[in-house]
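Residue numbers (our numbering), protein chains in the order written: chain A, 45 to 138; chain B, 7 to 492. C-beta atoms are modelled at their ideal positions from N, C-alpha and C, and glycine is treated no differently. Report on one structure; see the data block that follows.
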């Protein structure tokens with residue numbers, strides 16, 4: 045996997061990487077793709093992809109009722125920047 | 007024998023008989039933690055103040071006649087479990103400043119049972135690693151030899167229990183992260199069936215594989231704790247609504263007539279011959295107890311590592327998209343714009359292995375590659391699950407090695423990720439198929455412990471723990487304590 049492919053993936057994942065990192069990840073991702081390439085050996089014709097480790101279980105549902113309290117202030121105490129109940133980020137619209 | 011070397015069951019009896027108070031026990035263990043920390047680095051946070059307050063409350067409750075099997079007993083939580091008002095880092099710079107605003111269900115249940123939290127155990131960053139070397143807080147060292155790794159990702163939990171810094175710890179297992187460190191540290195670790203234990207408040211890595219469990223010094227203690235944390239949780243829709251059996255009461259199940267399968271594939275390649283011998287010796291103990299041994303085959307098990315390294319990174323890249331530098335966690339300095347904020351907060355906040363997995367996952371899910379990698383891996387995962395199902399129509403449990411070798415040196419496998427990934431070759435299958443599995447100490451190679459892995463069908467935790475307990479009644483490997491920690 046070359047430098048530009050790694051940079052494209054890193055951008056999709058929103059990861060800032062420097063040049064040495066791009067080179068190092070190019071090498072290790074190539075090795076990992078070599079490992080996972082072994083999957084080609086398996087004959088999967090007619091096999092449905094696994095959707096859940098416990099076959100036959102249906103998704104649990106609950107009544108559509110309000111059960112949680114508003115804890116905005118408590119949760120926003122962990123925000124890097126919050127004011128007046130809002131999360132603050134750099135200006136998006138000029 | 008000193009208090010720190012007792013099991014939970016013995017400590018509970020001592021508390022009830024007033025031979026010891028919870029505060030005395032807590033102080034004693036906090037002191038051991040403090041003196042071991044420079045060598046082992048098993049903790050990210052030691053919560054002395056809350057521990058002593060919880061212990062004092064437990065002593066008052068005991069004095070007023072309240073009882074409970076876990077009341078006043080100490081617990082260490084892996085730092086992946088959210089703890090209300092207590093820093094929860096997941097071993098990452100990204101969450102270095104994160105104070106959880108709520109308790110994970112596992113934590114809440116044990117708190118309600120009166121357990122005393124000693125601290126938060128070190129771990130591989132976001133549980134991604136097999137040696138505890140990816141932690142932002144530095145590696146954990148193996149108490150049997152501090153030059154060696156303790157395994158991972160629950161390396162802090164395993165090392166702390168092995169060094170008798172606490173009788174029991176919570177842990178999590180996505181590809182072997184409970185069983186592999188338990189094996190390398192000589193302790194007992196159970197990964198329950200997928201869905202048996204709530205994942206609410208357990209920081210997500212790969213949601214279809216992650217499962218919380220327990221590391222302790224005996225199967226009996228694991229059984230006691232599992233009963234307290236298992237069960238349906240309305241906050242986790244993947245937790246299974248099914249009665250929780252009395253795991254302790256089931257420990258006496260006889261081994262006579264038990265059909266044990268031994269996997270041909272696990273002994274074929276890469277297994278250290280000395281580890282293989284310890285496992286074979288353990289099987290003879292079961293034969294002596296009346297179990298029968300037969301060979302079974304899982305033809306697709308050789309593809310479990312490749313399948314895992316598509317599925318787990320794919321889910322990781324989705325789960326870790328939430329760390330955006332906006333709502334909580336690390337934010338870079340002076341972002342130019344929103345994209346710069348995302349890119350630098352994530353680039354600086356995540357460590358090298360986490361970034362590698364996010365990129366692997368992003369790649370296999372990207373347009374044009376989804377079918378070739380992700381869909382293919384999910385089909386292979388189904389084949390592996392089918393192999394296990396066929397095997398369990400012939401045998402009650404599958405036994406084999408937990409790891410290919412004993413603990414290795416720090417730094418020995420960090421240069422090539424694939425070498426590190428292959429450590430989990432025997433453990434990943436159970437995660438892909440959602441099966442319960444336990445690792446128990448079954449002897450030594452030189453001065454280093456070796457683990458026996460027992461895998462069962464879905465919800466066979468009673469059988470697995472009974473088998474582990476039967477072995478531990480015949481042997482004393484699980485009672486061996488690393489030199490210097492006796």
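- Query: Below 8 Å, can you find three or more Cβ-Cβ pairs linking the stretch 257-267 of chain B to the stretch 393-406 of chain B?
  - Reply: Yes, they touch.
- Query: Name the DSSP beta bridge partners of residue 261 of chain B, please?
  - Reply: As a working mapping, residue 261 of chain B is identified with position 255 in the second chain. As computed with DSSP, residue 261 of chain B is found in no beta bridge at all.
- Query: Using a beta-carbon distance cut-off of less than 9 Å, what residues from the stretch 330-343 of chain B approach chain A?
  - Reply: Considering only beta carbons, the part of the stretch 330-343 of chain B lying closer than 9 Å to chain A consists of 330, 331, 332, 333, 334, 335, 336, 337, 338, 341, 342, 343, in chain order.
- Who are the neighbours of residue 240 of chain B on chain A, taking C-beta pairs under 7 Å? Taking the second chain and counting its residues from 1, one reaches residue 240 of chain B at position 234. Per Cβ cutoff of 7 Å: 106.
- Query: Would you call the stretch 308-325 of chain B and the stretch 203-223 of chain B in contact, with 3 or more CB pairs under 8 Å?
  - Reply: Touching, yes.
- Task: Give the single residue among B:353, B:165, B:370 whose Cα lies nearest to the Cα of residue 80 of chain A.
- Result: If you number the first chain from 1, residue 80 of chain A lands on position 36. Among B:353, B:165, B:370, the Cα nearest to that of residue 80 of chain A is on B:370.
- residue 298 of chain B: first and last residue of the uninterrupted beta strand (DSSP E) it sits in: Taking the first residue of the second chain as position 1, residue 298 of chain B is located at position 292. 298-302 is the span of the beta strand (DSSP E), which, as asked, contains residue 298 of chain B.
- Query: Under a three-way DSSP split, which group does residue 102 of chain A fall into?
  - Reply: Counting from 1 along the first chain, the entry for residue 102 of chain A is found at position 58. DSSP places residue 102 of chain A in coil when its eight states are reduced to three.
- Using 8 Å as the limit for Cβ to Cβ distance, is residue 432 of chain B near chain A? Taking the first residue of the second chain as position 1, residue 432 of chain B is located at position 426. So, not an interface residue.
- Message: Ignoring anything shorter than 4 residues, give me the alpha helix (DSSP H) runs that lie fully in the stretch 168-212 of chain B, in order along the chain.
- Response: Qualifying alpha helix (DSSP H) stretches, in chain order: 185-191.
- Item | residue 328 of chain B burial status per 10 Å Cβ neighbour count (16 or more: buried) | In the second chain, the residue the question calls residue 328 of chain B occupies position 322. Burial check for residue 328 of chain B: the Cβ neighbour count within 10 Å stays below 16, so the residue is exposed.
- Query: Does residue 128 of chain A come within less than 8 Å of chain C when only Cβ atoms are used?
  - Reply: The chain inventory of the structure shown lacks chain C, comprising the protein chains A and B.
- Message: Taking 8 Å as the threshold (C-beta atoms), are residue 66 of chain A and residue 45 of chain A in contact?
- Response: Walking along the first chain from the start, residue 45 of chain A turns up at place 1. Walking along the first chain from the start, residue 66 of chain A turns up at place 22. Result no, Cβ atoms of residue 45 of chain A and residue 66 of chain A do not sit closer than 8 Å.
- Of the listed residues B:206, B:492, B:169, nearest to residue 190 of chain B (C-alpha basis): Here residue 190 of chain B refers to the residue found at position 184 of the second chain. Distance from the Cα of residue 190 of chain B is smallest, within the candidate group B:206, B:492, B:169, for B:169.
- Item | Test: residue 58 of chain A CB closer than 8 Å to a CB of chain B | Against the first chain, residue 58 of chain A aligns to sequence position 14. It does: the Cβ of residue 58 of chain A has a partner Cβ on chain B nearer than 8 Å.
- Query: Is there a Cβ from chain A that is less than 8 Å from the Cβ of residue 111 of chain B?
  - Reply: As a working mapping, residue 111 of chain B is identified with position 105 in the second chain. Taking Cβ atoms only, chain A never reaches closer than 8 Å to residue 111 of chain B, which makes this a no.
- Do residue 136 of chain B and residue 186 of chain B have their C-beta atoms within less than 8 Å of each other? Here residue 136 of chain B corresponds to residue number 130 of the second chain, with the count starting at 1. Here residue 186 of chain B corresponds to residue number 180 of the second chain, with the count starting at 1. A contact, by the Cβ cut-off of 8 Å.
- Considering only residues of the same chain and omitting the five flanking positions on each side of residue 54 of chain A, which have a CB-CB separation below 8 Å? As a first step, residue 54 of chain A is located in the first chain; it is residue number 10 there, counting from the start. 60, 61, 66, 69, listed in sequence order.
- Message: Counting only beta-carbon separations shorter than 8 Å, does residue 2 of chain B have a partner in chain A?
- Response: The structure shown does not extend to residue 2 of chain B, since chain B is modelled only from 7 to 492, so the question has no answer here.
- Flag residue 74 of chain A as yes if its beta-carbon sits less than 8 Å from any beta-carbon of chain B, otherwise no. Your numbering for residue 74 of chain A matches position 30 in the first chain. By this cut-off, residue 74 of chain A is not an interface position.
- Item | Cutoff 7 Å; reference residue 148 of chain B; Cβ partners in own chain excluding five residues on either side | Against the second chain, residue 148 of chain B aligns to sequence position 142. Listed in chain order, the non-local C-beta contacts of residue 148 of chain B below 7 Å within the same chain comprise 154, 155, 156, 165, 190, 191, 413, local neighbours out to five positions each way being set aside.
- Query: How about the stretch 454-468 of chain B and the stretch 415-424 of chain B: do they share at least three Cβ pairs that are nearer than 8 Å?
  - Reply: No, the stretch 454-468 of chain B is not in contact with the stretch 415-424 of chain B.
- Could you work out which residues of chain B lie near residue 53 of chain A, taking near to mean beta carbons separated by less than 8 Å? In the first chain, residue 53 of chain A corresponds to position 9, counting from 1. By Cβ distance, chain B contributes 365, 368, 369, 372.
- Message: Is it the case that the stretch 369-384 of chain B contacts the stretch 332-339 of chain B, given that we only count it when at least three CB pairs across the two stretches are under 8 Å?
- Response: Below 8 Å, too few C-beta pairs join the stretch 332-339 of chain B and the stretch 369-384 of chain B to call them touching: fewer than three.
- Query: Does the Cβ of residue 397 of chain B have 16 or more other Cβ atoms within 10 Å, making it buried, or fewer, making it exposed?
  - Reply: The residue labelled residue 397 of chain B in the question sits at position 391 within the second chain. So residue 397 of chain B counts as buried.
- Message: Any beta carbon of chain A sitting closer than 8 Å to that of residue 361 of chain B?
- Response: By one-based count along the second chain, residue 361 of chain B stands at place 355. Judged by the 8 Å Cβ criterion, residue 361 of chain B is in contact with chain A.
- Backbone secondary structure at residue 103 of chain B - three-state DSSP: As a first step, residue 103 of chain B must be located in the second chain, where it is residue number 97. In this structure, residue 103 of chain B counts as coil in the three-state DSSP scheme.
- Query: For chain A, is any of its Cβ atoms less than 8 Å away from the one on residue 214 of chain B?
  - Reply: Walking along the second chain from the start, residue 214 of chain B turns up at place 208. Interface criterion met: the Cβ of residue 214 of chain B is under 8 Å from a Cβ in chain A.
- Give the straight-line distance between the Cα atoms of residue 354 of chain B and residue 58 of chain A, rounded to the nearest whole angstrom. Here residue 354 of chain B is taken as the residue at index 348 of the second chain, counted from 1. Here residue 58 of chain A is taken as the residue at index 14 of the first chain, counted from 1. Distance between the alpha carbons of residue 354 of chain B and residue 58 of chain A: 11 Å.
- Can you find a CB in chain A that lies within less than 8 Å of the CB of residue 379 of chain B? Here residue 379 of chain B is taken as the residue at index 373 of the second chain, counted from 1. Yes, its Cβ sits closer than 8 Å to a Cβ of chain A.
- Query: Using a Cβ-Cβ cut-off of 8 Å (strictly less than) and excluding sequence neighbours within five positions of residue 282 of chain B, which residues of its own chain qualify?
  - Reply: As a position in the second chain, residue 282 of chain B is number 276, starting the count at 1. Excluding its 5 nearest sequence neighbours in each direction, residue 282 of chain B has C-beta neighbours in its own chain below 8 Å: 273, 407, listed in chain order.
- Does the stretch 287-302 of chain B come within contact of the stretch 97-117 of chain B, defined as at least 3 CB pairs closer than 8 Å? Judged by Cβ distances under 8 Å, the stretch 287-302 of chain B makes no contact with the stretch 97-117 of chain B, as fewer than three pairs qualify.
- Query: What's the C-alpha gap between residue 227 of chain B and residue 95 of chain A?
  - Reply: By 1-based counting over the second chain, the position of residue 227 of chain B is 221. By 1-based counting over the first chain, the position of residue 95 of chain A is 51. Going by the C-alpha atoms only, they are around 34 Å apart.
- Message: Spatial neighbours of residue 434 of chain B within its chain, please: C-beta separation below 7 Å, excluding the five flanking residues on both sides.
- Response: As a working note, residue 434 of chain B is residue 428 in the second chain. Closer than 7 Å at Cβ, skipping near neighbours: 181, 182, 310, 311, 314.
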